[in-house]
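**Q** Protein chains in written order, with the working numbering: chain X, 406 to 822; chain G, 406 to 822.
Glycine residues also receive a C-beta, built at the ideal position from the N, C-alpha and C atoms.
Values in this document were obtained by computation on a predicted structure and should not be read as measured data.
1) Helix, strand or coil for residue 680/X? Go by DSSP, reduced to three states.
2) Please name the residues in the segment 489-509 of chain X whose beta-carbon is closer than 8 angstroms to at least one beta-carbon of chain G, in chain order.
3) Are the beta-carbon atoms belonging to residue 757/X and residue 783/X less than 8 angstroms from one another?
4) Taking 8 angstroms as the cut-off, does the segment 748-756 of chain G touch the segment 800-809 of chain G (at least 3 CB pairs, one atom from each stretch)?
5) Can you find a CB in chain X that lies within less than 8 angstroms of the CB of residue 554/G?
6) Among 573/X, 630/X, 571/X and 496/X, whose alpha-carbon lies nearest the alpha-carbon of residue 530/X?
7) Relative to the C-alpha of residue 499/X, which candidate in 471/G, 670/G and 480/G has its C-alpha closest?
8) Rounded to whole angstroms, what's the CA-CA distance from residue 641/X to residue 816/X? Just pull it up for me.
9) So, are the CB atoms of residue 481/X and residue 459/X less than 8 angstroms apart?
10) Please list the terminal residues of the continuous alpha helix (DSSP H) segment that includes residue 566/X.
11) In the DSSP assignment, what residue or residues form a beta bridge with residue 457/X?
12) Say whether the segment 648-655 of chain X touches the segment 671-682 of chain X, bearing in mind that this needs 3 or more beta-carbon pairs closer than 8 angstroms, one atom from each stretch.
13) What is the DSSP secondary structure of residue 532/G, counted as helix, strand or coil?
14) Please determine, among 684/G, 483/G and 603/G, the residue with the shortest C-alpha to C-alpha distance to residue 646/G.
15) Return no unless some Cβ of chain X is closer than 8 angstroms to the Cβ of residue 468/G.
16) Give the secondary structure of residue 506/G by DSSP, where H, G and I count as helix, E and B as strand, and everything else as coil.
17) Just to confirm the assignment, what range does the alpha helix (DSSP H) spanning residue 421/G have?
18) Are residue 544/X and residue 508/X close, meaning C-beta to C-beta below 8 angstroms?
19) Rounded to a whole number of angstroms, what is the C-alpha to C-alpha distance between residue 563/G and residue 760/G?
20) Comparing the C-beta of residue 473/G with each C-beta of chain X, is any distance below 8 angstroms?
21) With contact counted as at least three CB pairs below 8 angstroms, one residue from each stretch, are the segment 478-494 of chain G and the segment 536-543 of chain G in contact?
22) Thinking just about the alpha-carbon of each residue, which of 426/X, 455/X and 448/X is nearest to the one in residue 420/G?
23) Roughly how many angstroms separate the alpha carbons of residue 493/G and residue 466/X, rounded to a whole number?
24) Mind checking which residues open and close the beta strand (DSSP E) that includes residue 544/X?
25) Looking at chain X, is there any beta carbon in it that lies within less than 8 angstroms of the beta carbon of residue 487/G?
26) Taking the alpha helix (DSSP H) that residue 734/G belongs to, which residues open and close that run?
27) Consult DSSP for residue 811/X and reduce its assignment to one of helix, strand or coil.
28) Give me whichever residues DSSP pairs with residue 499/X in a beta bridge.
29) For residue 730/G and residue 669/G, what's the separation of their Cα atoms in angstroms?
30) How about residue 666/X: is its C-beta nearer than 8 angstroms to some C-beta of chain G?
31) For residue 662/G, which three-state DSSP category applies?
32) Using a Cβ-Cβ cut-off of 7 angstroms (strictly less than) and excluding sequence neighbours within five positions of residue 795/X, which residues of its own chain qualify?
33) According to DSSP, residue 634/X sits in a beta bridge with which residue or residues?
34) Under 8 angstroms, CB to CB, which of the residues in the segment 730-762 of chain X have a partner in chain G?
35) Between 515/G, 580/G and 793/G, which lies nearest to residue 617/G when the distance is taken from Cα to Cα?
36) Can you check which of these residues, 534/X, 648/X, 599/X and 726/X, is closest to residue 439/X by C-alpha distance?
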């Protein structure tokens, strides 16, 4: 029997009417001949309520107890969804993480999958059940405690089940109808993509397009799970974007989308000694302090100046804006400890990152030139540039962000299918 | 290490402030040197919310899914209570039914205990944990599904743990401060009892004194678990009633309390054949229909009349008022099937049951005479009388119920300690 995984997020199961709406979508797939594994989130608002109670009860809470409390939200939805399906005549059974079992590490609050044995659920399918409704976002540690995977973990659960059960597809139902060339709130010309490659989705997700969690896309790419993102509230044929292997995308444009992030800060260490090992002397302490460094640019200076006698350089990097204080402390400590020498640490929190993403870049030249020309035509000054195989990112003044996104969307003609 | 079981009902853990209040009571026992097993109910209102969702989702709901949904309420409280205790510096760990495991039958919604292995919780006590917070009202079936014990099952869970772990005492924290000689809302002279025997409590519980669930008292009596009922909201020395073996009660009064129930109906089968086997021909079908027959009185008639040629009798019995329709149908069916013959079935739903209860009755005569005299003095007509070793019950017109309770409370001088 072919098998589908269908995942419904919090807004898709926010109340009993929406659970019924979701159940109808499951029933439709069963009627098409699929066995279905449904992954559910907590009814929207419930997880926040539970988290609020935990945080009010204990500031430095025990993550084992946090997980035990918070995971209960998904259990409720799983039971209600199974009941609704039964009411519609679809044989369904709910599954909590420990019943499957979804074996995870013991890293409470951010556990990772170890394995998902198929035996228990397969046995129920063999008995005639058509649907297994699984509580998302949770698992079981080797110590027999409930774990959670962290926010967004329900998407990852869905992909992991799709991989474990060899699903034909993993449908992620949410409140948007797919992946867009850019955020429609920034560019009214934004267009929904019918298909997008895993790699592109990964760049878009990590760059701030909040449709799918990065980890779930990584997992889907590794196990070649075809992911479809679609809206629970749209019954049109055109609903959804398929995230798939690039081989499935017949003719791809050079650039698929324009991503952006407002939460960036640019930091520059002025007059760092230019010697082997200096990069690790800087980024080692930052990594230890838990700072996520994104872009890194080193400008080699030609002249010697400041307190240094040898060759010097400026080192510029970007970090999430809420990690600036931590990064400043790490650099100050490294300076005091004599690990690194620099004259000054400049911080600019008034920047934004804009990126163009597309697997077509691999085979096509001139993308960067076109991007820089489009920005220059709007007088947008580029502060930092970073590139990967399938994306080009620039750091610019935050006030130009919307302008830059629109200019790039136009330049690459993303409004055209 | 001596061990206590402490159980907190829904109103005692209704919100975070009340959970903290309950946790302080647990902490005080830990400081007195006890290991403690805490049994918690769902925060009040939560179970009703979950049951409401289930019933709205599916009218003829699957009890397995009902249990999976409804048990989540207790899980939340267990985690929050463990967190609160940790915050106070008390090493605590939460336990869901399947983690202990609390092994039960597969009778979903009304499961019964099979066993509660001590190993897992004992291992945690040995590691230095002082408190195990267990989600009440739930268990695990042999099929690996979550079961519930039915309403009031948290009391039963507490007693079962006290028995399994050899607890010194099982404290049931609720919103009343103990067991009274009668309901204070009916008789202002009602007095709280310091101690009461299991058998008396059992009669009072089954007669409508809603302090403790019958099943939990039965279990306590069988395993000789000393039960204390007390208020979460009373810090006085005088708080609580101990339910214990009668040997612990030095000098007991003849009558301990006056119980009553409004939810009674009196049914009379007129002119039943008076022959061997007729009782089972009546009460067999009633039992099969799930009717809980309480009092039974048979009046032998001296004359033959009606459609019967042999000796006839009237058979009177009482049933809960909400089972009258079911009882009527069962009797009609039995008549149509020729199982039993009678002329008429009379139903009186306007009655109440009043009972006096006391283990002292065993050794003392004249209790019934005193009871009937007290009722006669108030012109209360007695419709049915039933007696057991430690109680005498009468069925009377409902309008006299409060009067009868007060008259009996006075007659047996229950206001005096």
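**A** Concretely, from the data shown:
1) In this structure, residue 680/X counts as coil in the three-state DSSP scheme.
2) Cβ contacts with chain G: 489, 491, 492, 498, 499, 501, 503 and 504.
3) With respect to residue 783/X, residue 757/X sits apart: the two C-beta atoms are not nearer than 8 angstroms.
4) Result yes; three or more Cβ-Cβ pairs closer than 8 angstroms.
5) Cβ-Cβ to chain X under 8 angstroms: no for residue 554/G.
6) Nearest C-alpha to residue 530/X: 496/X.
7) Ranking the options by Cα distance to residue 499/X, first place goes to 471/G.
8) Whole-angstrom Cα-Cα distance: 30 angstroms.
9) No, these two residues do not count as a Cβ contact at 8 angstroms.
10) Annotation for residue 566/X: the continuous alpha helix (DSSP H) segment containing it runs 558-569.
11) For residue 457/X, which the question treats as bridged, DSSP gives no partner whatsoever.
12) Short answer: they don't touch.
13) The DSSP-derived three-state label of residue 532/G is helix.
14) Checked all of 684/G, 483/G and 603/G; the closest Cα to residue 646/G is 603/G.
15) Residue 468/G does not count as touching chain X.
16) Coil at residue 506/G, not helix or strand.
17) Annotation: the continuous alpha helix (DSSP H) that includes residue 421/G extends over 421-436.
18) In this structure, the beta-carbon distance from residue 544/X to residue 508/X falls below 8 angstroms.
19) Within the model, the alpha-carbon separation for residue 563/G versus residue 760/G is close to 28 angstroms.
20) Output row for residue 473/G: interface = yes.
21) Taking 8 angstroms as the limit for Cβ pairs, the verdict is that the segment 536-543 of chain G does touch the segment 478-494 of chain G.
22) Scanning 426/X, 455/X and 448/X for the CA closest to the CA of residue 420/G turns up 455/X.
23) Straight through space, the alpha carbons of residue 466/X and residue 493/G are spaced by roughly 12 angstroms.
24) It spans 543-545 - the beta strand (DSSP E) in which residue 544/X sits, taken as one unbroken run.
25) Residue contact with chain X for residue 487/G: present (Cβ-Cβ distance below 8 angstroms to some residue of chain X).
26) Unbroken alpha helix (DSSP H) run through residue 734/G: 729-741.
27) DSSP places residue 811/X within a helical segment (H, G or I) once states are collapsed to three.
28) In DSSP, residue 499/X forms a bridge with 538/X.
29) Cα atoms of residue 730/G and residue 669/G: separation of roughly 13 angstroms, rounded to the nearest angstrom.
30) Chain G, which has no Cβ nearer than 8 angstroms to the Cβ of residue 666/X, makes this no.
31) In the structure shown, residue 662/G sits in a strand (DSSP, three-state: E or B).
32) These residues qualify, in order along the chain: 604, 605, 608, 762, 763, 764, 766 and 767.
33) Under DSSP, the beta-bridge partners assigned to residue 634/X are 577/X and 646/X.
34) Along the segment 730-762 of chain X, none of the residues has a CB nearer than 8 angstroms to a CB of chain G.
35) The option with the nearest alpha carbon to residue 617/G is 580/G.
36) Just measuring C-alpha positions, the residue of 534/X, 648/X, 599/X and 726/X sitting nearest residue 439/X is 534/X.
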